[in-house]
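Accompanying notes for the structure given below.
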Amino acid sequence: LLMTIYSLLQFTFAPYWGQLSDKIGRRPVILLSLLGASIAHLLFAFGSSLWGLFLARGLAGFFGGNISTAMAYIADVTESKNRSKGMALIGVAFGLGFVLGPVIGGFAGQWGLKIGILPPFGESFPALVAALICFTNFVLAIFWLKESLTEKLKGEALKRPSRIQRIIAYFQRPVLNAVLLTYFLNTLGMANMEASLFLYLRDKFQWSMTDASWGFAYVGMVMVVVQGTFIRRFVPKFGEVNLLITGLLLAAVGMFGIGLSPNIPVLAIAVTFMAIGSSLINPTSTGTMSLLSDSSEQGAVMGTGQSLSALGRVVGPALGGWVYRDIGWGVPFFVASLLILVGFVAIWLNRHRLPDSRKA
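Numbering of the sequence shown is given in my numbering, commencing with residue 6 and proceeding in unit increments.
Put into structure tokens, the structure is as follows:
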């Protein structure tokens, strides 16, 4: 529920932050989001009741507009032909966080208990470290982050319709609606998988929490390598559309393979397919969203995409948990595969109308 409240608040407010960044600029929104995240982690560390923890996570979700604004920032400072390569940098950051986050959190938790820091808050030391990291990021951004949005584009954004009208318009816009749908379905499938994978590894293969952590670290490393290296090389050669289609197929096959895995070697191959596919999907789909959007609406479109992603993270774990418990161990992965295949069909049917940065 703590994760759900975060995603629910992010789903609600991410479009607002994106639209606000179109009007007042990327820098103030990113700074405010980082400061808000610092305060939210601090409140979580010192929360003395369940309601206090919910308040802290809700506040973190409310200030979760920095991702969509960061994507809009990248769209501002990159040419069309380099858009997906720029978006891949965010994927690299997520991959590194996926690898390093649990390690830092684990060491921080053990160290906090060992030295008895701020009794009785030793167990909350990882949240204090997270607050410190966010605040350090905030301070660095004050000195190093320059505004990317021109005054002309700010003026154009002020003339645009309200948030609700714009979101409805995005889903009525041909081609863009297919990319938004695919982005949502992929996140829904991934969240469904993530909620079930540890249980699956524990129940079917008798993996411990430590074993599963190494598995997730492997997924993070694959994401870093693919998005940090291959995306930059392959987008100029093959284009976003071809890589997006390939990623959707690989992820769908990988998900299906996870559900059918009879042993660890087959599981490892299936997880690799899934990780490579996901690493191709995220930067190419966000890059394509950006290419389909006007310069003055980058934040609003990215905010809408992140809102849908947050919705997927709300529904996905509940769906995965229910299917795993009531239907079968491997079924959540089959469901994830089906969701991603629906996205594949949506992109395939629109493939000739999607933009190609190689022609920009």
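Even for Gly, the Cβ is constructed at its ideal location relative to N, Cα and C.
Backbone secondary structure at residue i - three-state DSSP
{"i": "residue 300", "result": "helix"}
{"i": "residue 241", "result": "helix"}
{"i": "residue 233", "result": "helix"}
{"i": "residue 248", "result": "helix"}
{"i": "residue 71", "result": "helix"}
{"i": "residue 84", "result": "coil"}
{"i": "residue 216", "result": "helix"}
{"i": "residue 360", "result": "coil"}
{"i": "residue 26", "result": "helix"}
{"i": "residue 155", "result": "coil"}
{"i": "residue 54", "result": "coil"}
{"i": "residue 355", "result": "coil"}
{"i": "residue 268", "result": "coil"}
{"i": "residue 178", "result": "coil"}
Contact set for residue i: own chain, Cβ-Cβ below 6 Å, skip 5 residues either direction
{"i": "residue 68", "result": "38, 41 and 42"}
{"i": "residue 224", "result": "280"}
{"i": "residue 71", "result": "35 and 38"}
{"i": "residue 18", "result": "67"}
{"i": "residue 52", "result": "58 and 61"}
Host alpha helix (DSSP H) of residue i (start-end)
{"i": "residue 148", "result": "130 to 149"}
{"i": "residue 46", "result": "31 to 50"}
{"i": "residue 190", "result": "181 to 210"}
Given residue i as reference, the closest of the options once Cα atoms are compared
{"i": "residue 92", "options": "346, 74, 331 and 26", "result": "74"}
{"i": "residue 147", "options": "34, 210, 214 and 47", "result": "34"}
{"i": "residue 82", "options": "353, 152, 319 and 191", "result": "152"}
{"i": "residue 243", "options": "86, 116, 266 and 64", "result": "86"}
{"i": "residue 296", "options": "251, 305 and 89", "result": "89"}
{"i": "residue 63", "options": "76, 53, 49 and 72", "result": "49"}
{"i": "residue 355", "options": "250, 317 and 23", "result": "250"}
{"i": "residue 54", "options": "256, 129, 357 and 345", "result": "129"}
{"i": "residue 199", "options": "183, 217 and 209", "result": "217"}
{"i": "residue 299", "options": "331, 234, 181 and 105", "result": "181"}
Neighbourhood of residue i by C-beta, 8 Å cutoff - its chain only, sequence neighbours within 5 removed
{"i": "residue 109", "result": "131 and 134"}
{"i": "residue 46", "result": "61, 65, 132, 133, 135, 136 and 139"}
Contacts around residue i, its chain only, beta-carbon distance under 7 Å, and the 5 residues preceding and following it disregarded
{"i": "residue 319", "result": "9, 12, 13 and 16"}
{"i": "residue 348", "result": "186, 187, 190, 191 and 253"}
Secondary structure, alpha helix (DSSP H): runs of 4+ residues fully inside the region 304 to 339: none
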